[in-house]
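Residue numbers (my numbering): -11 to 311.
This report concerns only the one structure given below.
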Amino acid sequence: MRQRSTSQDINPTSLPRPTTNFTTSNLKTHIRQETHHTGKALPHLTTARMSEAQLGKIIQSLEALKANNITTAPQLLSQAKKQLLHLNALVPSEDTNAKHLYAAVHVLELGALYSIRLKDTDSFTRYYQQLQPFYALPAYTWRSAGRTPQNQGKVTGLYLLLLLSTGDYAGFHTVLEGLELQSGKEQLEKDAFIQYPVRLEQALMEGSYDRVWGETKGERVPSEEFGVFSEVLINTIRSEIASCSERAYPSLPISNAKNLLFLDSEGAVIQFAQSRGWVAKDGRIYFPQREEEMLAQEKDVMASSGTVIENTLGYARKLETIV
């Protein structure tokens, strides 16, 4: 007697809908429900279900990582993306399961945030770019998933801060204008993660480096991840101030240099001076490049003066001959 096919035994519309949470316990409950309904055991578990189960475990591991153990994050993220590929969810489309969409955006956001903590800006940029198709999805897509991306404002604000720290002001304004078109200016003004880099950019354009310094301290920094880029931004500003100081002064008192360069101590000034090839002695910072330029200018002046004197004497001798 021929055995009936599995597709005849199972009515897909009568199966319980999968939960929106990717947890091992929820998945096990769903498997038990299917087993009870069909009379089939675990061999009925499809490849998609296996990928879901594995993905749920990986996400739990990612969320459980402690600050001192995030070096394992890249490996876990790679495994998670592999499972998302099996689910055809790494690139969103109209056919992508809403639950899988949320799992994908959650993994990519975790990847972006862990990249920041690992100070891997290239990796962060890749995750940001991978997230853009998900962030561009209409709101009803996320209503189907039962939740919306949790860290869109944070990831976007961090990317804006990265553009500032690298001096890409054109890119900064391009992204900001796109956000205003997508979400509206009023909505952006309510997002603390977006407003933080906006305030910094305004201060930089005005040359108010002291305001920038104040924004990077204490409670004004919206989250731990922003502190990483804030440090990079301050280092960039410090380098610009140092370059201007080299051109403007032959030397500076160490105490003045400490305030000018936003350094915490005179020892930090000396360390910074050494990294730039400056000379610290007698309570002052000397800029060798500036001194060399001044000596060269003095030599040019002396040479020019000598030429003028010789020409003047020559004219005088010619006048005497004429007379």
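Built from N, CA and C at the ideal position, the CB exists for glycine as well.
Unbroken alpha helix (DSSP H) run spanning Ile47, endpoints: The residue given as residue 47 occupies position 59 in the sequence shown. Note, Ile47: alpha helix (DSSP H), 35 to 51.
Top-ranked residue by Cα proximity to Glu109, from Lys54, Leu150, Arg131: Position 121 of the sequence shown, counted from the start, is the residue given in the question as residue 109. The residue asked about is misnamed: residue 109 is Thr in this sequence, not Glu. Selected option, being the one with the closest Cα: Leu150.
Residue(s) in a DSSP beta bridge with Arg272: Position 284 of the sequence shown, counted from the first residue, corresponds to residue 272. Pro241, Lys269.
Where Leu179 sits in the DSSP three-state scheme: By 1-based counting over the sequence shown, the position of residue 179 is 191. As written in the sequence, residue 179 is Asp, which differs from the Leu given in the question. The answer is coil: DSSP assigns Asp179 none of H, G, I, E or B.
As assigned by DSSP and simplified to three states, the class of Asp198: Taking the first residue of the sequence shown as position 1, residue 198 is located at position 210. Note: Asp198 maps to helix in three-state DSSP.
Collapsed DSSP secondary structure at Thr204 in the structure displayed: Your numbering for residue 204 matches position 216 in the sequence shown. Coil at Thr204, not helix or strand.
Contact the segment 116 to 127 vs the segment 140 to 156: 3+ CB pairs below 8 Å: yes
Inter-residue Cα distance where the pair is Ser253 and Ala236: In the sequence shown, counting from the first residue as 1, residue 253 sits at position 265. In the sequence shown, counting from the first residue as 1, residue 236 sits at position 248. Going from the Cα of Ser253 to the Cα of Ala236 covers about 23 Å.
C-alpha distance - Ala256 paired with Lys246, whole-angstrom precision: As a working note, residue 256 is residue 268 in the sequence shown. As a working note, residue 246 is residue 258 in the sequence shown. So the two alpha carbons sit approximately 8 Å from each other.
The segment 62 to 70 contacting the segment 42 to 51, beta-carbon criterion three pairs below 8 Å: yes
Cβ-Cβ separation, Pro137 to Pro80 (assumed contact under 8 Å), whole Å: In the sequence shown, residue 80 corresponds to position 92, counting from 1. In the sequence shown, residue 137 corresponds to position 149, counting from 1. The pair is not a contact, with the Cβ atoms about 12 Å apart (cut-off 8 Å).
Spatial neighbours of Pro276 in its chain, beta-carbon cut-off 8 Å, leaving aside the 5 residues before and after: Counting from 1 along the sequence shown, the entry for residue 276 is found at position 288. The residues are Gly265, Trp266, Val267.
Outcome for Gly155 when other beta-carbon atoms lying within 10 angstroms are tallied against a minimum of 16: For the purposes of this step, residue 155 is taken as the residue at position 167 of the sequence shown. So Gly155 ends up on the exposed side.
For Leu106, the three-state DSSP class (helix, strand or coil): Within the sequence shown, numbered from 1, the residue matching residue 106 stands at position 118. The answer is coil: DSSP assigns Leu106 none of H, G, I, E or B.
Closest by C-alpha distance to Phe260, when choosing among Gly271, Ser239, Pro238, Arg226: Counting from one through the sequence shown, the residue named residue 260 turns up at place 272. Among Gly271, Ser239, Pro238, Arg226, the Cα nearest to that of Phe260 belongs to Arg226.
Cβ-based burial, Thr204 [other Cβ within 10 Å; buried from 16]: Numbered from its first residue, the sequence shown carries residue 204 at position 216. Thr204 is buried by the Cβ-count criterion.
Selected residue, minimal CA-CA separation from Lys107, among His88, Phe217, Ile182, Thr35: Numbered from its first residue, the sequence shown carries residue 107 at position 119. With distances taken between Cα atoms, Lys107 lies closest to Phe217.
Distance between beta carbons of Glu189 and Phe160, contact taken as under 8 Å: On the sequence shown, residue 160 is found 172 positions in, with the first residue counted as 1. On the sequence shown, residue 189 is found 201 positions in, with the first residue counted as 1. About 6 Å separates the two Cβ atoms, so the contact holds.
Leu73 vs Ala92 beta-carbon contact at 7 Å: The count along the sequence shown starts at 1 and reaches residue 73 at position 85. The count along the sequence shown starts at 1 and reaches residue 92 at position 104. The answer is no: Cβ separation not under 7 Å.
Unbroken alpha helix (DSSP H) run spanning Gly141, endpoints: Translated into positions along the sequence shown, residue 141 becomes position 153. Unbroken alpha helix (DSSP H) run through Gly141: 140 to 153.
Ala124 beta carbon less than 7 Å from that of Leu89: Residue mapping note: residue 89 aligns to position 101 of the sequence shown, counting from 1. Residue mapping note: residue 124 aligns to position 136 of the sequence shown, counting from 1. Taking 7 Å as the Cβ cut-off, Leu89 and Ala124 do not qualify as a contacting pair.
Ala100, buried or exposed, once every other Cβ within 10 Å from all chains shown has been counted against 16: Here the question's residue 100 lines up with position 112 in the sequence shown. Buried, since its Cβ has 16 or more Cβ neighbours within 10 Å.
Buried/exposed call for Arg20, threshold 16 Cβ in 10 Å: In the sequence shown, residue 20 corresponds to position 32, counting from 1. With a pLDDT of 47 at Arg20, under the threshold of 50, the modelled position of this residue cannot be trusted, and the question is left open.
Close-in-space but distant-in-sequence residues of the same chain around Ala191 (CB under 8 Å, 5 per side omitted): In the sequence shown, the residue the question calls residue 191 occupies position 203. If we look at Ala191 and ignore the five residues flanking it on each side, its Cβ neighbours are Tyr197, Arg199, Val200, Glu203.
Residue closest to Met38, alpha-carbon to alpha-carbon, out of Asn56, Ser211, Leu53, Leu75: Looking up residue 38 in the sequence shown gives position 50. The residue with the shortest Cα to Cα distance from Met38 is Leu75.
Contact belief for Arg208 with Leu240 at Cβ below 8 Å, rounded distance in angstroms: Translated into positions along the sequence shown, residue 208 becomes position 220. Translated into positions along the sequence shown, residue 240 becomes position 252. About 29 Å; that fails the 8 Å criterion.
Spatial distance of Tyr184 from Pro210 (CA atoms): On the sequence shown, position 196 is the one that residue 184 refers to. On the sequence shown, position 222 is the one that residue 210 refers to. Rounded to the nearest angstrom, the two C-alpha atoms are 7 Å apart.
Alpha carbon of Phe112 to alpha carbon of Ile58, nearest angstrom: Start at 1 with the first residue of the sequence shown, and residue 112 comes out as number 124. Start at 1 with the first residue of the sequence shown, and residue 58 comes out as number 70. If I take the Cα positions, the gap works out to 15 Å.
Span separating the alpha-carbon of Leu176 from that of Ile258: The residue given as residue 176 occupies position 188 in the sequence shown. The residue given as residue 258 occupies position 270 in the sequence shown. Each residue's Cα considered, the two are about 42 Å apart.
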